[in-house]
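Report on the structure given below.
In my numbering, the protein residues as written are 780 to 973.
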């Protein structure tokens with residue numbers, strides 16, 4: 780019987796030990812959870828301060844504007860493709876529309892002034908597009924002026940910057956002249972001063 784009481788007392792000690800281990804596991808889990816929360820907060824603070832000079836509201840507005848622009852581009856592209864399919868066949872040709880030389884004031888963030896002087900040529904492949912685009916030149920120039928004034932000199936660094944600029948201008952010009960279509964934007968002159 781004494782062995783039985785020792786076994787019972789031993790089982791109680793074992794039960795208390797298991798409860799302590801469970802409690803210790805819960806504490807460890809709580810500490811790990813708190814550490815994860817602190818780590819996530821730290822990552823959030825670092826990303827907020829390393830995001831550049833823009834305020835979070837400006838960043839959200841920029842993302843919203845980009846998404847809206849992408850939706851408009853997709854709709855314009857579909858509308859342009861549908862109208863192009865509906866048009867009677869026209870002989871394709873290589874035609875160029877030269878724009879006057881333009882000077883744009885670049886965004887330097889108040890650190891001096893910087894200018895871009897550019898001579899742009901638009902490439903089209905249909906005579907009917909050419910006439911329509913020439914009629915819409917004021918709209919095209921307005922689109923160019925609006926976009927170019929927001930560019931920073933760093934945006935135009937290297938050939939990749941020039942390529943991105945050409946793609947952006949092509950997209951914006953095609954939106955302005957739809958249902959006509961510009962095939963390519965070419966730079967005859969491109970000079971950054973300042």
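No residue lacks a Cβ here, since even glycine has one placed at the ideal position from N, Cα and C. It should be emphasised that the depicted structure is a prediction, and the values quoted were computed from it without experimental measurement.
| Check | Outcome |
| --- | --- |
| Give the straight-line distance between the Cα atoms of residue 965 and residue 946, rounded to the nearest whole angstrom. | 10 Å |
| Compare the beta carbon distance of residue 949 and residue 903 with 7 Å and say whether it is the shorter of the two. | no |
| Going by other Cβ atoms of all chains shown within 10 Å of its Cβ, with 16 needed for buried, is residue 919 buried or exposed? | buried |
| Taking the straight line between their C-alpha atoms, what separation do you get for residue 878 and residue 934? | 22 Å |
| Give the straight-line distance between the Cα atoms of residue 817 and residue 880, rounded to the nearest whole angstrom. | 56 Å |
| Which term fits residue 943, buried or exposed, when burial requires 16 or more other beta carbons within 10 angstroms of its beta carbon? | exposed |
| Confirm, please, whether the CB-CB distance from residue 906 to residue 955 is below 7 Å. | no |
| Do you know offhand how far residue 821's Cα is from residue 829's? | 12 Å |
| Let me check one thing: in DSSP terms, what residues is residue 884 bridge-paired to? | 894 |
| What do you get for residue 826, buried or exposed, if any count of 16 or more other CB atoms within 10 angstroms of its CB means buried? | exposed |
| Relative to the alpha-carbon of residue 967, which residue among 961, 900, 941, 951 has its alpha-carbon at the smallest distance? | 900 |
| Hey, residue 926 and residue 960 are a contact pair by Cβ (cut 8 Å); roughly how many whole angstroms apart? | So it is not a contact: roughly 19 Å between Cβ atoms. |
| Taking all protein chains shown into account, do 16 or more other C-beta atoms lie within 10 angstroms of the C-beta of residue 924, making it buried, or fewer, making it exposed? | exposed |
| Whose C-beta lies closer than 8 Å to the C-beta of residue 970 among residues of the same chain, with five residues either side of it excluded? | 895, 896, 897 |
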